[in-house]
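The working numbering applies: residue 71 is where the sequence shown begins, and numbers increase by one.
A virtual CB, placed ideally from N, CA and C, is assigned to each residue, including glycine.
In this text, all values refer to a predicted model and were calculated from it rather than measured experimentally.
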Amino acid sequence: MNYIDRNGITTARLKGMQQDLGISDIQYATVIAVLYASYCPGQIPSNMLLNYLPRPSLYIGLCVVLWGLTSALTGVTKSFAGILLCRLFVGLPESAFYPGVSYLLSRWYTKKVIANSCKNPTHGTTLQELAFRFAILYSGQLISNAFGALMAAGILENMEGKRGFRAWRWLFFIEGSITIFIGFASMWLLPNYPYNTFWMSHDERRLALVRVSEDAGEADQDNADDSPLKGFQMAISDPLVLIFTLQTVAQILGLSFVNFFPTLTQTLGFSTTMSLLLAAPPWVFASIACCLSAWHADRTGERFFHIAGWWWGVIAGFIIGLSTMSIPARYVAMFLMASGYAGFAMNLVWVSNAIARPPAKRAAAIGIVNGVGNLGNLIGSYTWKAEWGPQYHQSMIISLAALTFSTLLALVIRQMLINKNKQFTIDDNAASKDADRTRVEEAARLEGLTLQQAMERRKSYRYLY
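Spelled out as structure tokens, the structure:
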């Protein structure tokens, strides 16, 4: 519903919204972009706050209700100013959702599951798990592009003029109402943190805490002096966070076609309903690709190729789009373009793996990378100009260049992490020196190990690249 509500405006455009509100193409692009004016900066303080709220389920659920309500009210707007304000206030509560849920997942799931040997509690076999959980989350957003299009096709086809409202207004009323219901339900259905989820037993909560402490050799908790501000300062002073952020801006700019996907399928020359139906299969394919790719990434522990490899598929799609106006070829290109989001789904997984501790720093890093990174969508709102259609060659060239730049930055991140791991290998005590003693002591207490055993386990810590 997060993506359905956000992108409902792109499908509403196909049924007369732009004409009814009397807005120009530039104004429409501004309506798309203004959401990110509140969505991007809101993510950083939201995630910093979330790390210190004991009930993230209530906070996230309330934000879902608020953006659902604002989305529903978009259906009563009558002017450019009205829809601009609605989009602005949809973006603010939405800013809490994806980075917030991503951080919440990182508090429960690990980059590895360690099966201990009974004879030696500091050694064991490892399996990856975090990437696939992120993929399940993100595939919900991808599949929403498919089912959102199908839902919109039904509403726009059958609700025109009902009770005196245009069909595009009903689109916002119905989708916003569904979101409000889900928001209230999530307040009780979502877990909180491992230490305070009420429907788990004491032993289950302790097991959850042990699992995340085993992951990095440190307890997943902040020390007394790890304030939200300190976490933010640690994040912005880390070169990895800054490169991740720039890479995400370029990546999202390269994938910004998502805000115009129904318009792109309409360039194939079919009716509004058929264009919406054709928009669905590429996103079903992308959802499947996303889960399969993440499953394989969990099994191998590899990150770079499971992210950048999908961008190269998008680049191939752009090359096809630049080369021909053939309907079958361009539709195949749309499948390749949509599959690029299988790589994006892994982006915050990689951030969580690379910025593991303390939680205050990780929460701020996720907010910074995703918040500032979404400026790529703001820029992209003006990249897919109507006057460049139906070919959109200029748009594809800009996006292709952005993904190429993103690939180069991802290579830099990969090499930085390889170098860190080499340092851990050369200096057997480097990983231990990099650890926080207080968190290692807490990990030892949770796992029933001596401090020396916990320090030995910490020495085996490695970054995933």
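message: Rounded to whole angstroms, what is the Cα-Cα separation between Leu-445 and Ala-103?
response: 9 angstroms
field: Val-328: first and last residue of the uninterrupted alpha helix (DSSP H) it sits in
entry: First-last for Val-328: undefined, no H or E at that position.
Met-257 - DSSP class collapsed to helix/strand/coil: helix
- prompt: Once you ignore the five residues that flank Thr-333 on each side, which residues in its own chain have a CB closer than 6 angstroms to its CB?
  reply: none
query: Given a threshold of 16 other Cβ atoms within 10 Å of its Cβ, counted over all protein chains shown, does Ser-357 qualify as buried or as exposed?
result: Its Cβ being crowded by 16 or more others within 10 Å, Ser-357 is buried.
- request: Take Leu-212 and list the residues in its own chain whose beta-carbon comes closer than 7 angstroms to its own, dropping the five residues that flank it on each side.
  value: So the qualifying residues of the chain are Trp-353, Ala-356, Ser-357, Cys-360, Tyr-411.
Cut-off 7 angstroms between Cβ atoms - residues of its own chain near Lys-431, not counting five sequence neighbours on either side: Gly-301, Met-304, Ala-305, Ile-425
task: Can you tell me which of the three DSSP states Leu-338 falls into?
output: Per DSSP, reduced to three states, the secondary structure at Leu-338 is coil, with no helix or strand assignment.
- prompt: Looking at the structure shown, is Trp-314 part of a helix, part of a strand, or coil, going by DSSP?
  reply: Reading the sequence as shown, one finds Phe at residue 314 and not Trp. Helix.
message: Using CA atoms only, rank isn't needed, just tell me which of Val-146, Ala-219, Ile-488, Leu-323 is closest to Gly-234.
response: Val-146
- prompt: Ends of the alpha helix (DSSP H) at Ala-222?
  reply: 200-228
Cα-Cα separation between Arg-400 and Phe-374, rounded to whole angstroms: Near 28 angstroms, if we compare the C-alpha coordinates of Phe-374 and Arg-400.
message: Pairs of beta-carbons, one from the stretch 89-98 and one from the stretch 251-271, closer than 8 angstroms: are there three or more?
response: no
query: How would you call Glu-457, buried or exposed, if buried means at least 16 neighbouring beta carbons within 10 angstroms?
result: Answer is exposed; the Cβ neighbour count stays below 16.
Cβ-Cβ separation, Ile-488 to Tyr-535 (assumed contact under 8 angstroms), whole Å: 6 angstroms between Cβ atoms; contact.
task: Please work out which residues of its chain come closer than 8 angstroms, Cβ to Cβ, to Pro-126, disregarding the five sequence neighbours upstream and downstream, and give them in chain order.
output: Leu-120, Gly-170, Leu-174, Leu-260, Asn-262, Tyr-263
- request: Count the other C-beta atoms from every protein chain shown that fall within 10 angstroms of the C-beta of His-463, then say buried if there are 16 or more, exposed otherwise.
  value: exposed
- request: Tell me, please, whether the stretch 126-144 touches the stretch 98-113 by the rule of three or more beta-carbon pairs shorter than 8 angstroms.
  value: no
- request: Put Trp-269 into one of helix, strand or coil per three-state DSSP.
  value: coil
field: Residues of its chain near Ile-468, where Cβ-Cβ distance is below 7 angstroms and the 5 sequence neighbours each way are ignored
entry: Closer than 7 angstroms at the Cβ level, and outside the excluded window around Ile-468, lie Thr-453.
- prompt: CA-CA distance, Arg-76 and Leu-448?
  reply: 13 angstroms
- prompt: Among Asn-215, Ala-222, Ile-248, which has the Cα closest to the Cα of Ala-350?
  reply: When each option's Cα is compared against that of Ala-350, the closest is Asn-215.
- prompt: Under a Cβ-count criterion, where at least 16 other Cβ atoms within 10 Å of its own Cβ denotes burial, should Asp-273 be classed as buried or exposed?
  reply: exposed
message: Using a Cβ-Cβ cutoff of less than 7 angstroms, which residues in the same chain neighbour Lys-189 once the five nearest sequence positions on both sides are dropped?
response: For Lys-189, the pLDDT reaches just 39, beneath the cut-off of 50, and the residue's location in the model is therefore unreliable, leaving the point undetermined.
message: Check for me: the alpha helix (DSSP H) holding Pro-298 runs from which residue to which?
response: For Pro-298, the enclosing alpha helix (DSSP H) has its first and last residue at 298-306.
query: Nearest-angstrom Cα distance between Thr-335 and Thr-342?
result: Cα to Cα, the separation comes out at about 9 angstroms.
query: Mind checking whether the beta-carbon of Glu-164 lies closer than 6 angstroms to any heavy atom of the ligand ZN?
result: The ligand ZN is not among the ligands present in this structure, which contains no ligands whatsoever.
- request: Classify Thr-318 as buried or exposed, calling it buried when 16 or more other Cβ atoms lie within 10 Å of its own Cβ.
  value: buried
- prompt: In chain order, what residues of the same chain have a beta carbon less than 6 angstroms from the beta carbon of Gln-88, not counting five sequence neighbours either side?
  reply: Tyr-98
- prompt: Would you call the CB atoms of Val-135 and Gly-253 closer than 7 angstroms?
  reply: Contact: yes.
task: Compute the distance between the beta-carbons of Lys-490 and Tyr-533, then report whether it is under 7 angstroms.
output: It is a contact, given that the beta carbons lie within the stated cut-off.
The stretch 387-399 in contact with the stretch 241-255 per 3-pair CB rule at 8 angstroms: no
task: Could you check what DSSP says for Arg-125 in three-state terms: helix, strand or coil?
output: coil
- request: Just tell me which of Gly-231, Phe-475, Phe-167 has its CA closest to the CA of Gly-86.
  value: Comparing alpha carbon positions, the residue from Gly-231, Phe-475, Phe-167 closest to Gly-86 is Gly-231.
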